[in-house]
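Undergrad:
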Amino acid sequence: MSELLKVNNMTKTFGGIVAVNNLSFEIHEGETVGFIGPNGAGKSTVVNVLSGYLNADSGQVEMNGVNITNMKPYQRAHMGLARTYQIPRPFPELTALMGVATSALCGKKRINQSFEDALVNATHYLEFVGLFSKRNILARDLTFYELRMLELARALATTPKLLFIDEVMAGLNPGEASNAIRLIARAKEQFGITIFWIEHVMAVLMEAADRIIAINHGEKLSEGTPDEVVNNEQVIEAYLGRGWKTYA
Amino acid sequence: MVDFELKRDRITIRLKGKKWEWIIEPRYWRNSILWVTLLLIFPAAAYFISPGLINTMISANLLAAIAMPMALMTLGTGRVNFGPNFFVGVGGYTAALLSIAYGWSPLATLPFAIIVTLFTAILYSPLVIVARGLYYVLLSLLLPFVFFEVTIIYTDIFKGDTGLFGIKPLLDLGNARINFLVIAYISIVIMVLFLWIINKVVKSRYGLIMAAINDDEEVAHGIGVNINKVKIISFVFSAGMIGVAGWFYAHYFSSFAGQTYLTFTFMLKIFLAMMIGGRTTIFGCVVGGYFVAFLEMILIRTMGPIQAVVFPVILIILLFALPEGLFGIYRKRRYREYFPTIHVRR
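As you go down the protein sequences, you meet chains A and B in turn.
At position 188 of the first sequence (counting the first as 1) the number is 187 in numbering that gives the first Met the number 0, and the numbers step up by one without a gap.
At position 5 of the second sequence (counting the first as 1) the number is 4 in numbering that gives the first Met the number 0, and the numbers step up by one without a gap.
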């Protein structure tokens, strides 16, 4: 497994608050990496820095050996980085199909792709997440679950190599959540993507993740297989709490 | 001979065993040939009935020709520019000054009017990236007024107090009425050309990308849209189109004054043509342009001096009564049309 993304000593401060402190980790190709930590630990900041919305104060991000530290979000999207948002952010005035078509058009460069090709591509991704019948409905009229799926379709349509998933389970009922998990597993299998998954629901990560990184106060607490991480004293202390298994 | 029959949903016309049917159904009205024909017939008809209408029609066409690029600009930058008349001023003053100083004909000043407007727009375009929301509104609103002040301060060049006179007229065919008629057709050509270009742009992939920027800039950036490029290009491109309208005004009236084009009244007319027609549906801009121009004409004829107060009041009431615009009455809600409505951002 080759290295896909490499983060070296990333630091990000907001005024006096250190959100991410000297964080280093790697993501290998084809794995699912879970990313956990208590609220305010800096998880979303890490994703924002990695996807280019925030500039790190120091440190380096490398993707496939290319230094992407100073790249803008759209350049990173062309490199093969995609993300979903914690709170769905669809294009409210566009239909589901057009929203996905935009990312098929603008994502990773595809040679000689016409508008119609992009529409066909977008239809495929919508079908994949199960929104085919809703393709002509404005995104603002979709339900919460459908918005989540639309986000996923939009992220997949850029043909990413690495997908950041920011709390896909939040606000979904158990049935929808299990659907979402199955979809993500299928997406990983079919499109050959690598997944970096922020999640609060430990049971999901225990099952899906190959490796988990736990952070607190912007510093890495522990890294390893799910079993190693959940049995780590520091992680239990900071995040999981004793007896978490009875609730998980 | 010709037999008209109005059945429930269709008009049947019979002539010597031949039969034409026209179904009265709004979606069949979306026929570009029909509307362009009507547009072309109108000035010719007005020429015989009431030549004054031609004048109103020219101003309607120009309002539409400013409102449409303005709608494109709003869509592509995701912000509402409150000072589109600034570009009218730039284009108009360029044409006017060149024509007066060097005696150039309208055709010679046109490229310069466009180039200078484009150049000004490029200088002004970083604002699209830097400012957003209320700050953008304020800054864009201020610019025409600043330009107006400049024309008054440097009054020896711009003649800010009296206006520039002696610009070469757009056409000189000898007969004033025929002049008017031909100018009306030129304005129609400009308007229809703008409509065609902007419709093409909006229906293409670039229109979709612009719509995405209009909806959520950050997300569009995240899925791979080079938002700065798209915003600047759509800003500069539309500004150039608006500059053409300024050029037309200067040569049409043979005079150009900041008092007319750089003030709030003119801005309001453009803005309302855009909003009343149907919230940036570009076809709505044409409807809005005609509505605003003809309403103004009717009010001037019937009300006299009080129209200056009544006109904006009527328009503002209409804005509340028809939030989706005149075009919206017909359009209702069509999911398949992805051209978005605009939101005035925080």
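All residues carry an ideal CB built from backbone N, CA and C; glycine is no exception.
(1) So that I know if they touch, is there some Cβ in chain A lying closer than 7 angstroms to that of B:D8?
(2) Go to A:G223, then tell me how far its beta strand (DSSP E) extends in each direction, as first and last residue.
(3) So which residues of chain B does A:G106 contact, with C-beta pairs closer than 8 angstroms?
(4) Name, in chain order, the residues that DSSP records as bridge partners for A:H27.
(5) Below 8 angstroms on the Cβ atoms is my guess for A:H216 versus A:N47; work out the distance and round it to an integer in Å.
(6) If you follow the alpha helix (DSSP H) that B:T76 is in, where does it begin and where does it stop?
(7) Look up A:Q112 in the DSSP assignment and say whether it is helix, strand or coil.
(8) Please check if any C-beta of chain A sits within less than 7 angstroms of the C-beta of B:R78.
(9) Would you tell me roughly how many angstroms separate the C-alpha atoms of B:A70 and B:I281, rounded to the nearest one?
(10) Give, in chain order, every residue of the stretch 211-231 of chain A whose Cβ lies closer than 7 angstroms to some Cβ of chain C.
(11) Per DSSP, A:D165 forms a beta bridge with which residues?
(12) For the stretch 130-141 of chain B against the stretch 74-86 of chain B, do three or more pairs of beta-carbon atoms, one drawn from each stretch, fall closer than 8 angstroms, so that the two count as touching?
(13) By the 7 angstroms beta-carbon criterion, what residues does the stretch 84-114 of chain A contribute toward chain B?
(14) Which same chain residues, not among the five before or five after A:L130, have their C-beta less than 7 angstroms away from its C-beta?
(15) Got a sec, what are the start and stop residues for the beta strand (DSSP E) A:L265 sits in?
(16) By the 10 Å Cβ neighbour count, where 16 or more other Cβ atoms means buried, how is A:F270 classified, buried or exposed?
(17) Judging by CA-CA distance, which residue of B:A66, B:R29, B:D8 and B:D155 is the nearest neighbour of B:I23?
(18) Cα separation between A:L53 and A:E61?
(19) Starting from A:Q189 and walking both ways along the alpha helix (DSSP H), at which residues does that stretch end?
(20) Considering just the uninterrupted stretch of the alpha helix (DSSP H) at B:K228, what are its terminal residues?
(21) Which residue's Cα is closest to the Cα of B:F147: B:V191, B:E217 and B:F85?
(22) State the Cα-Cα distance for the pair A:L155 and A:K11, rounded to the nearest angstrom.
(23) In this structure, does DSSP put A:G129 in helix, strand or coil?
(24) Between A:E28, A:D165, A:V119 and A:Y238, which has its C-alpha nearest A:G79's C-alpha?
(25) Short check: CB of B:V291 to CB of B:A320, under 7 angstroms?
(26) Where B:N213 and A:L137 are concerned, what is the direct C-alpha to C-alpha distance, given to the nearest angstrom?
(27) Answer yes or no: do B:G165 and B:I99 have a C-beta to C-beta separation smaller than 7 angstroms?
(28) Whole angstroms is fine: what's the gap from B:T119's alpha carbon to B:L96's?
(29) To the nearest angstrom, report how far apart B:A66 and B:Y248 are at their CA atoms.
(30) In chain B, what lies closer than 7 angstroms to A:T157 by C-beta?
(31) Measuring alpha carbon to alpha carbon, tell me which of B:F47, B:F263 and B:G283 ends up nearest B:P322.
(32) Would you grab the beta carbon distance between A:A18 and A:I214 for me? Rounded to a whole angstrom, and I think it's under 8 angstroms.
(33) Three or more C-beta pairs closer than 8 angstroms, one from the stretch 77-92 of chain A and one from the stretch 209-225 of chain B: is that the case here?
(34) Report all residues from its chain with a CB closer than 8 angstroms to the CB of B:L117; omit the five preceding and five following residues, and keep chain order.
(35) For a cutoff of 7 angstroms on Cβ pairs, would you count B:Y334 as touching chain A?
(36) In chain order, what residues of the same chain lie with their CB nearer than 7 angstroms to the CB of A:P37, ignoring the 5 residues before and after it?
TA: This is what the structure holds:
(1) no
(2) E218 to G223
(3) I222 and G223
(4) A:E2
(5) That belief does not hold up - the Cβ atoms of A:H216 and A:N47 are roughly 17 angstroms apart, past 8 angstroms.
(6) G51 to T76
(7) coil
(8) no
(9) 7 angstroms
(10) The structure shown contains no chain C; its protein chains are A and B.
(11) A:I197
(12) yes
(13) R88, F90, P91, E92, L93, T94, M97, A100, T101, S102, L104, C105, G106 and F114
(14) A95, E145, M148, L149 and A152
(15) Nothing about residue 265 of chain A can be reported from this structure: the residues present for chain A run from 0 to 247 only.
(16) What the structure shows of chain A is the stretch from 0 to 247, and residue 270 of chain A is not part of that stretch, so it cannot be assessed.
(17) B:D8
(18) 16 angstroms
(19) P173 to F190
(20) I226 to F252
(21) B:F85
(22) 28 angstroms
(23) coil
(24) A:E28
(25) no
(26) 15 angstroms
(27) yes
(28) 16 angstroms
(29) 15 angstroms
(30) I222 and G223
(31) B:G283
(32) Going by Cβ atoms, the distance from A:A18 to A:I214 rounds to 10 angstroms, so no, they are not a contact pair.
(33) yes
(34) V235, A238, G239 and G242
(35) Low confidence applies here, because B:Y334 scores a pLDDT of 47, under 50, leaving its location unreliable; read the following figure in that light. Closer than 7 angstroms: yes.
(36) N215, A237 and Y238
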